[in-house]
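Shown next as C-alpha cells:
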C-alpha cells in the first residue's frame, strides 16, 4: 500500500528529544539478559566439543550427577526426533547428535545450584570422541577429496552430480544460485577495459558486548516462560517450541533490554537447553549466561567468502557487463548469505548484462547467523575494489564514474526488478560537496570511496495502541529497542495524535501480548513497527472522532482530528469547540468503552537504502599500520525521525566495517579450533582507533511509509570494507584483496611491491 | 569450598556478602549484592563493561576477586547519580545520544568520571585513549567522546 | 496473463525458460500456476520466495497482480 507522506512540516518528527529508556540505561537500572533472576533458580552450563569434527561415541554424566546440588543433565536424547529442514538444522546446532560438527558444538548441558557448581559439574561429564578429518576454508571445502560434512544435505537447488567425473564433484555444496540478464560475453567484448580478480574475506563476529543470556522455565506439561536478550522474541518462541517439540503459544518469551545484536541474536543457541534442563529439573527455572569465549566459538559469526569478479568498462566509465561467482561457507549448516551478497553486489549500477553464480558451502565451523546486511559487505568489498582499480587504470574520478553508472528511479536492478524512488545519486553528490572530499592529503595518505546498498525488510508486524484515562497514550510494539526505536516510534505516534512526545509511552512487549512480530533486524523496526503504530494511532483517532460526533449529534464523517483534538470539519458541520483527547479519554468509559487501535500486517512499501562513504587513511610504511584519519558517511534515510539515532546507525556501521577491514577475523589452528576466542585476540575497534565519524543524512522520502522512513541500520556496514581497501591502495600503491588488511599483510604487500 | 564473609563499602553504604573464593567482585556485585549495573562482557578484563573504582582507582571488577575487597571502598554506576540528580556525564550521554544498546554505558560512565576527576580538561585524544579499555560496538565512539567533552566543559564552568 | 521472471538456476525446471507466462490475478495464484506448469519449482516456492511486483516487494498470496505487471521472483530477503 502506498501511503502519502502525511505532511512535510513536522512538529516532532525530525527533532532530537531524550530517549525514554535513557535514564534507566545511564543509571545501570535497565535489565538485560543476565540481570534477571527467579526464586529457586538453577544455573546451567554447557559441555562443548573440543574437536572440529568428531563422532560422539559416549557421554557419561554419572560423576556430574553424583555431585551435591546438581539437578539435571540433558543430551540430544532428551530432544524429539523427526524434525526436518531448518528446524532440524536448529536442533542439531542446539545440541549435537551423533557428530560434533565444530569446535564449541554443544554436546551436553547440566543444571546445578550455582554457576560455579554447574561449571564444576560440566567438567565432570565425560565425552568419548572419535576425531574425524575436518575442513575450515571455503575453497578447501569445495575441493574434490575434502572431508564430506553431513553428506547428502544439499538441497533442491544443487544440480545433480550423476554423470560428473568424481574428481569434479563439488563437495559440501548445499545450495546453488544463478541469476542475471543480458549477454555478458557480448558486453565484455564491447568494453575498452576488462578486469577480473579474486577477493577473500574471513569470518567475523557481530561482537555485541552483551553475551547471550536467558532464564528459562518449563514444566512437564510443556508450558514455559523465558526471559532472554533477543532481537526477536517470537522467533525464539517458535524455534524453541520446534526444537523441543512443544506448542508455541504455551511458551511465553519476554525480551529483556538487549546489549547489541546486529543479527546475531535473531536465532537460538542455548535457549532450548535452559528449557530442557528446567523441565528435567522439575520445572525449576534455569539461567544460562554464555562466556565471551562461548559466544565467539559457538554462536553465529558471519560467513567467510571467496569471490571472483569480472567487470567490463568503457573508457568513459560506463560499465558494459559484469560477472560474479561467490563461494561462501556458513559453518556446518546451510545458510551462508551468498544469495543476498550477490543481489547487492552490483545493485548500485545500471549494467546491461550481468551474471551471478553462488555456492553455499559447508565447513566445520559454527552455524552462521545474520550480521548487519548479511553478505552485502563481502560483495561490496569485491566489486567496489575492482571498480576502484578500473577507475585508476582509466584515470577516472571514483565519484564521477559511479555517478555515470548509478541507478536511478526507473532503472532495472542487477537482480531484476525496477527501482522505485531511491537516493544513491544524492549520496554521491553529497559526498562530493563535503569538505572531507577535498581535504589535502600528506605523504603515505590516501582517500577511498565506495558505495553500498541494502534492501531493508518489511516482515510480520503487530502493534497495539491504547488511550489511557488521562488522554496519554501507550503503544505496545514487538520489536526490541536496540538503537532508539522507542524514541522514534514515540515521535511518530505523538506527531500523529497531536500530543506531546512525553505523553506517549512505548513498551516492548512479550509474546503473549501481541500477534507475531519479526525481530528487530533487516532495518525494519522504525519502518514496520512505526508504520503499524501510525496506522493504529489513526484507528484510535477515527474512534475518538466518532465519540465527539456522538456527543455533538453529527455524522462522524464531519469530524476531523487536528492538534490533539476532534473538531467539526468545516463550518457546515456545526459550531462546536474542539474536544481534546483528554476530554474524550476521560469520558470513554461511558461513551462506548476503551479506545484503542491496532494493526497487523506484513507491510509493503519497504524503502531500500543506498550509502556512499569516503575515508582517508595514513599507512605507516615501516609497520604496515593503517590509521583512519577521516571518515564520512552519506546515506539515504528517507526521513530521519530522530536524527541522532540515524547518525548513530551510520557511525556504528562504519566502525564495525573498519574493524572488519583492518583487523577482525576468525583464526583457526591446524586442528580446526578457534584460536582467538576472547576480546584480547579478537580485537574490535576501540575509541583510540577511530577518528570522529562525520555523517550526512540524505532524505529521499520513501513513499511507502507515512513519514517517508527507510531503514538505515544495515547499509552503513557495506561500504567501509572497500572504501578502506581503496584508501590503502591510494596511500601505498598496493591493492589488498584478502581481508583483514592487518599490518603484517600490508607490510608484506608494500615490501613485495618494492622488491618488484 | 566454604564461603568467606566479606564486609565492604559500596557507594558509601556498608555491605556484606558470602563469597566463594573463586568468585570475582563482578560476580559478587551482581549475584549477591543486587547491583546488576556493572556488566560482564568478556570476563577477561578486555571490554571494561564491568568497570568500577576500588579505593578511587578504576579497575575491571572481573579481574578483582570478591574476597579481595574486605575493608575497601567500591564505587559502581549505581552510585554515580546523587539521589535523583544525575551526574553531568549521565545527562550529557542522554542528550548526545551517546548510547544505543546501553550495555557498555555504565562502564564508560564510571571510566569517564574517573578521567575527569584526574583531569577536568582533557583533549579529545586523551579521552579516546583513556576510554580505549571500554569497548562499544554500537556507536563508533563519536557521540560518546562528544558527551564526555561537553560534560567536562560544563563541570569546569560550574566549578 | 502475466510474465513471471525467474532466476537463472530455475531454468533447469522450466525447460530452459527464464520468463514463464501464467494466468493469475494475485501472487498466490501466480505461484500456484508456476508450480502447476513446472512441478520442479515446488520445493523452491514452498521454501519461500520474495516477490517484486511493479517495483515493490510484496508480501502475501493475496497481493494483487495486474495484467502486464512486472513480476520478479527472488530468493527470500531477510536481514541482520
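Residue numbers (the working numbering), protein chains in the order written: chain A, 1 to 756; chain B, 1001 to 1159; chain C, 2001 to 2080. We treat Cβ as the ideally placed atom computed from N, Cα and C, and that holds for glycine.
Three-state secondary structure (DSSP) of residue 834 of chain A: Nothing can be reported for residue 834 of chain A, as the shown portion of chain A is limited to 1 through 756.
Would you mind working out which of B:1017, B:1154, B:1058 sits nearest residue 1076 of chain B, comparing C-alpha positions? B:1058 is the residue among B:1017, B:1154, B:1058 whose C-alpha sits nearest the C-alpha of residue 1076 of chain B.
Alpha-carbon spacing of residue 762 of chain A relative to residue 1039 of chain B, whole angstroms: Missing from the structure shown is residue 762 of chain A; chain A here goes from 1 to 756 and no further.
Go ahead and label residue 645 of chain A buried or exposed: buried means 16 or more other beta carbons lie within 10 angstroms of its beta carbon, across all protein chains shown. In this structure residue 645 of chain A is buried. Its beta-carbon is surrounded by 16 or more other beta-carbon atoms within 10 angstroms.
Taking its Cβ as the centre, do 16 or more other Cβ atoms sit within 10 Å of residue 1140 of chain B, making it buried, or is it exposed? Flag for residue 1140 of chain B reads buried.
Output yes or no for whether 8 Å exceeds the beta carbon distance between residue 159 of chain A and residue 2012 of chain C. Cβ atoms of residue 159 of chain A and residue 2012 of chain C: closer than 8 Å.
Along the stretch 2050-2076 of chain C, where does the CB come closer than 7 Å to a CB of chain A? Name the residues. From the stretch 2050-2076 of chain C, only 2052, 2055, 2056, 2057, 2058, 2059, 2060, 2070, 2072, 2074, 2075 have a Cβ closer than 7 Å to chain A.
Could you list which residues in chain C have their beta carbon closer than 7 Å to that of residue 156 of chain A, in chain order? Within chain C, the residues near residue 156 of chain A are 2043, 2044.
Span of the beta strand (DSSP E) around residue 233 of chain A: Residue 233 of chain A -> not in any beta strand (DSSP E); alpha helix (DSSP H) instead, spanning 233-244.
Sheet register partners of residue 196 of chain A (DSSP bridge): Paired residue(s): A:310.
Between residue 651 of chain A and chain B, is there a C-beta pair that is closer than 8 Å? By this cut-off, residue 651 of chain A is an interface position.
Reduced DSSP category for residue 44 of chain A - H, G, I as helix; E, B as strand; rest coil: Residue state for residue 44 of chain A is assigned as strand, using DSSP reduced to three classes.
Strictly by DSSP, which residues pair up with residue 1005 of chain B? Beta-bridge pairing links residue 1005 of chain B to B:1018.
Separation of residue 636 of chain A from residue 30 of chain A, as counted between CA atoms: Their backbone Cα atoms lie some 32 Å apart in a straight line.
From A:132, A:128, A:111, A:131, residue whose alpha carbon lies closest to that of residue 122 of chain A: Closest option to residue 122 of chain A, Cα to Cα, is A:111.
Between the Cα of residue 311 of chain A and the Cα atoms of A:732, A:254, A:391, which residue gives the shortest distance? Checked all of A:732, A:254, A:391; the closest Cα to residue 311 of chain A is A:391.
My assumption, with CB atoms under 8 Å, is that residue 32 of chain A sits in contact with residue 210 of chain A. Please give the rounded CB distance. Between residue 32 of chain A and residue 210 of chain A the beta-carbon gap is near 6 Å, inside 8 Å, which marks them as a contact.
When the Cα atoms are used, what is the spatial distance from residue 1132 of chain B to residue 416 of chain A? Each residue's Cα considered, the two are about 46 Å apart.
Between which two residues does the alpha helix (DSSP H) holding residue 714 of chain A run? It is not in any alpha helix (DSSP H) - residue 714 of chain A carries neither H nor E in the DSSP assignment.
How long is the line joining the alpha carbons of residue 2071 of chain C and residue 180 of chain A, rounded to whole angstroms? Spanning the two alpha carbons is a distance of roughly 15 Å.
Could you give the residue range of the alpha helix (DSSP H) that holds residue 1157 of chain B? Where residue 1157 of chain B is concerned, the enclosing alpha helix (DSSP H) stretches over 1142-1158.
Just to make sure I have the definition right: I need the residues of chain A whose C-beta is within less than 7 Å of the C-beta of residue 1049 of chain B. Which are they? Going along chain A in sequence order, the residues near residue 1049 of chain B (Cβ under 7 Å) are 209.
What does a CB cutoff of less than 8 Å around residue 674 of chain A pick up in its chain, not counting 5 residues either side in sequence? Cβ neighbours of residue 674 of chain A within its own chain (closer than 8 Å, five residues either side excluded): 103, 104, 296, 297, 666, 667, 668.
Between the Cα of residue 1005 of chain B and the Cα atoms of B:1023, B:1012, B:1011, which residue gives the shortest distance? Ranking B:1023, B:1012, B:1011 by Cα distance to residue 1005 of chain B puts B:1023 first.
Count the other CB atoms within 10 Å of the CB of residue 572 of chain A; is the residue buried (16 or more) or exposed (fewer)? By the neighbour-count rule (16 or more Cβ atoms within 10 Å), residue 572 of chain A is not buried but exposed.
Cβ-Cβ separation, residue 1066 of chain B to residue 1027 of chain B (assumed contact under 8 Å), whole Å: Contact between residue 1027 of chain B and residue 1066 of chain B is confirmed by a C-beta separation of about 6 Å, below the 8 Å threshold.
Pull up the distance between the alpha-carbon of residue 202 of chain A and that of residue 663 of chain A, whole angstroms please. Going by the C-alpha atoms only, they are around 10 Å apart.
In chain order, which beta strand (DSSP E) runs of at least 3 residues are fully inside the stretch 612-676 of chain A? If we require 3 residues or more, the beta strand (DSSP E) runs fully inside the stretch 612-676 of chain A come out as 626-636.
Using a beta-carbon distance below 8 Å, is residue 417 of chain A in contact with chain C? Residue 417 of chain A counts as touching chain C.
Go ahead and pull the three-state DSSP assignment for residue 327 of chain A. In this structure, residue 327 of chain A counts as strand in the three-state DSSP scheme.
Examine chain B for any beta-carbon lying closer than 8 Å to the beta-carbon of residue 692 of chain A, and answer yes or no. At least one chain B Cβ lies under 8 Å of residue 692 of chain A.
Thinking just about the alpha-carbon of each residue, which of A:72, A:213, A:708, A:404 is nearest to the one in residue 267 of chain A? Per the Cα distances, A:213.
Please work out which residues of its chain come closer than 7 Å, Cβ to Cβ, to residue 495 of chain A, disregarding the five sequence neighbours upstream and downstream, and give them in chain order. Only 10, 11, 12, 13 meet the Cβ criterion.
Proximity to residue 535 of chain A [Cα-Cα], best of A:596, A:622, A:744: Among A:596, A:622, A:744, the Cα nearest to that of residue 535 of chain A is on A:596.
Quick one: complete alpha helix (DSSP H) runs, 4+ long, within the stretch 561-611 of chain A? If we require 4 residues or more, the alpha helix (DSSP H) runs fully inside the stretch 561-611 of chain A come out as 581-591.
Against chain B, with Cβ distances strictly below 8 Å, would residue 292 of chain A count as a contact? In terms of beta-carbon proximity, residue 292 of chain A lines the interface with chain B, with at least one pair separated by less than 8 Å.
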